[in-house]
Structures are given as structure tokens and as C-alpha cells.
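Read through the structure below, which is laid out as C-alpha cells, and then see the notes.
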Amino acid sequence: MKKLFRLLFIVCSLILFVGCEASVKEEKTYDDAFVKSLAKGLDNRWSLSDSIDFEESATNYKKIIQKELDEIQEYTDKKFSSSQLQEQALAYINELKSGLEIAETYGADSFYTEWMNHTNRRTSILLSIQSIQEIPVKDTGILEELLAKGKEATQLNEKETAIKNLVSNLTYTLDESKSNEYSKYYFAEVENTTPYLIKDIGLSVNLINDTGVIVQTTYINSSNWKSGTKVRMEFMVGDTEFTTTETTIEFYNAE
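Counted the way mature numbering (1 follows the signal peptide of the UniProt record, and there is no 0) counts, the sequence shown spans residues -22 to -1, 1 to 233.
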């Protein structure tokens, strides 16, 4: 009987040991491995893109992107100890995949604009990753240049987001004192709650009827809109009947 209990004890101990070992294996994270692979992919990309033989083409743009993906795409479903790093890792991998699609359009009129937007997004993500964990590339000079671009792109994106949010949900009120049977004036008084001086801004306002149809588009312009000050956004219509509006930024210049 003692031998039986001893045998059962050994078996249970082995089961617990195997279970604990499996648990340890399941808890393995890949933060450091990802950052090292990211650095290797960047170095591989630069060795190709900065070579004297590199020429712009759809094929070559895809090649330099693939140099990075070859090193990091395996981390798509890996576990990270830092949720922030994992989020940025996935964002970077997806942005590289987006870059492959943009590279396919090389030669089209839209290519350089789309490639610039892709570069801005890519460098912004690299900046976020670097702020979480240092990217150990060989050529730190190139990385510093990219991070500077990323910082600029991030600031531009923050500015654009702030200004879009400022005017995206404007509600216009009928100015009865100015309106008559021929013309109706609508306005919204808006405070510039952003930290930016908006030198110029142009808005388009879609007038939408009760069935969801845009029945007219009108435009509003404003200038020298200082932070903390209010401006009156106003448009005039004739006999157009509408129930809701949709305001979109057409252009802006802010600093």
C-alpha cells in the first residue's frame, strides 16, 4: 500500500511539474525579440535603399519593404509583456503591408502623395516604438533622421486632428434678424480651443434634407483665428429646405 501511495505521489508530482513547465512556456513574451528583429529589418532595408545601384521602381520599393517584413511579420500573433509595444508592433507591420499596396501604384499621379503619407505614418509608429523600447539599429544616424520625421509627422497629425474636431460637428442657427423671404442666414459661433493660430480655413457645408440627400453645398472662409477667440461661421441660402448639415475642412493654414 505504501508503494502504491508513493507511486501516486510521484505521478501527481510529475503532472504538476509538467503543468508548471507548460505554463512557463506559455508565458514567454517577445518584446526584446521583436525590437531586435525590427532593428535588423531596418538595417537590411537601408543597406538596399542606400546602395548606389538602387533605382526607384515598384519592384524596388516592394523589395525594401519586404526586407523589414521578412524579419518582423512573424510577431503578428506573438505575446508581448507590453501591450503598448504589441499595439505599435501590429500597427507597424500593417503599415508596411499598406506600403506594399502603395508601391504597386508607382508611376501613378497619386503615388508620391500616398507614399509620403505612408512614410509619415510609418515614422510616427517608429517614434512610438522608440519611446517604449530603444531600437538597436547599427546605423543610428538614419534612425535619428526617421525619428525626427516621425516627430514632425506626429505634430502635424495632432494639429490636423485638433482642427478637424473643432469644426466637424458645428450646429448652425437661423439668424432671424438678417433673414428675409428671399434669403436665410445661418451661423455658428465657434471658439478656437486649439493651441494653434489658424491663419486661414475654408469649410464646405453640405445641406441635407430629411431623406438624407445633399440638396446644396455652400462654403465658409475665416482667417486670423487666434487660440481662445471666437469667430462667426456664416452661410446664406435661398429657398433650399434642409434638416441637417455636414461640415468638412477644404483647406487650412495653422501654426
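Glycine residues also receive a C-beta, built at the ideal position from the N, C-alpha and C atoms.
Here's a check: name, in chain order, each residue in its chain whose Cβ is nearer than 7 Å to the Cβ of residue i, leaving out the five neighbours to either side.
i    : result
N98  : A131
S161 : M214 and G216
T221 : I186, N187 and D188
T54  : L68 and I71
N38  : F32
F165 : Y150, T151, D153, R210, M211 and E212
A232 : K137, I141, Y174, L175, I176 and K177
Name the DSSP bridge partner or partners of residue i?
i           : result
residue 258 : No answer is possible for residue 258: it lies beyond the span of the chain, which begins at -22 and ends at 233.
L50         : Residue identity differs from the one stated: residue 50 is Ile in this sequence, not Leu. For I50, which the question treats as bridged, DSSP gives no partner whatsoever.
Q64         : In the DSSP output, where bridge partners are listed per residue, Q64 has none listed.
N199        : G180
Given residue i, which residues of its chain have a CB within under 6 Å of its CB, disregarding the five upstream and five downstream residues?
i           : result
residue 243 : Limits of the chain in this structure are -22 at one end and 233 at the other, which puts residue 243 out of reach.
A69         : I103
From the DSSP output, in three-state form, read off residue i for me.
i    : result
A166 : strand
E82  : coil
F213 : strand
K137 : helix
Y90  : helix
I186 : strand
V145 : helix
K127 : helix
On the CB-based measure, 16 or more other CB atoms within 10 Å of its CB, does residue i come out buried or exposed?
i           : result
residue 239 : Outside the shown range of the chain (-22 to 233) lies residue 239, about which nothing can therefore be said.
V2          : Model confidence at V2 stands at a pLDDT of 47, short of 50, so the residue's coordinates are unreliable; what they give is reported in the following sentence. By the neighbour-count rule (16 or more Cβ atoms within 10 Å), V2 is not buried but exposed.
A(-1)       : Bear in mind that a pLDDT of 46 at A(-1), under 50, signals an unreliable position, so the model cannot answer this.
I192        : exposed
G85         : exposed
L181        : buried
L134        : exposed
So, at 8 Å on beta carbons, what are the nonlocal neighbours of residue i in its own chain, with the 5 sequence-adjacent residues on each side left out?
i   : result
F58 : T7, Y8, D9, F12, Q64 and A67
Below 7 Å, is the gap between the Cβ of residue i and the nearest heavy atom of the ligand HEM?
i    : result
Q194 : No copy of the ligand HEM occurs in the structure displayed, which carries no ligand at all.
On the three-pair Cβ rule with 8 Å, is the region 57 to 76 touching the region 119 to 137?
no
Whether or not the region 171 to 178 and the region 200 to 215 are in contact is what I'm after, with contact meaning three or more pairs of Cβ atoms, one per stretch, closer than 8 Å; do they touch?
yes
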